[in-house]
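See structure below.
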Amino acid sequence: MNIRNVFLIALVAASPAFAQNKPAPAQPAAAQQQGGPDAVFAQWDTDKNGTLSKNEFLVGWAALRSDMVMQRMQAEFVRQDADKSGKLEAGEFANLLIVQRLGKSAPPMSAYDANKNNGLEFPEYIEYIKGSVRLVPAAAPQAK
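If you use mature numbering (1 follows the signal peptide of the UniProt record, and there is no 0), the sequence shown corresponds to residues -19 to -1, 1 to 125, in order.
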């Protein structure tokens, strides 16, 4: 199998549609946004030899996964911003799943409100998630 075909299969497998068992688009979102699979391949092929080394693939894959996570976080931020103010105010903040899951141990919004405008803009929200995710207790093992 051609390395470009393997690469395209990996891009399709990384697409949100594939993860949700939906038909994948002709080109995965990452490839569409970046000029097609050939453009993404060229970007990942840092030594420009026409093949991807294991390291080039792993670095590219990590960047792709990071981009996907940020896109999903942006979508969740927009969804939670009920009044579309561009920031999460106290009521919207309280509706965040991570805040609800952590309960009283959740860090206060004010600790991450860097500009002290009584809300979290997207960069502040990202920092809040980074700071809070390590506090979420691991799920209890399921009884067999």
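By construction, the Cβ of each residue, glycine as well, lies at the ideal position given by its N, Cα and C atoms.
Bear in mind the structure is a predicted one, so any value in this text is a computation, not a measurement.
Which residues DSSP lists as bridging residue i, in chain order
i   : result
L69 : L101
Three-state secondary structure (DSSP) of residue i
i    : result
L83  : helix
A10  : In this prediction, A10 scores a pLDDT of 49, lower than 50, which makes its location untrustworthy; the coordinate-derived value is nonetheless stated afterwards. Helix at A10.
Y106 : helix
R46  : helix
A63  : coil
P88  : coil
K111 : helix
A95  : coil
L78  : helix
L39  : helix
Span of the alpha helix (DSSP H), counted from its first residue to its last, around residue i
i   : result
S34 : Per DSSP, S34 belongs to no alpha helix (DSSP H) and is neither H nor E.
A20 : P18 to W25
Is it a yes or a no for the segment 34 to 51 touching the segment 77 to 84, going by three-plus beta-carbon pairs under 8 Å?
no
For the segment 102 to 119 against the segment 52 to 72, are there 3 or more C-beta pairs whose distance is under 8 Å?
yes
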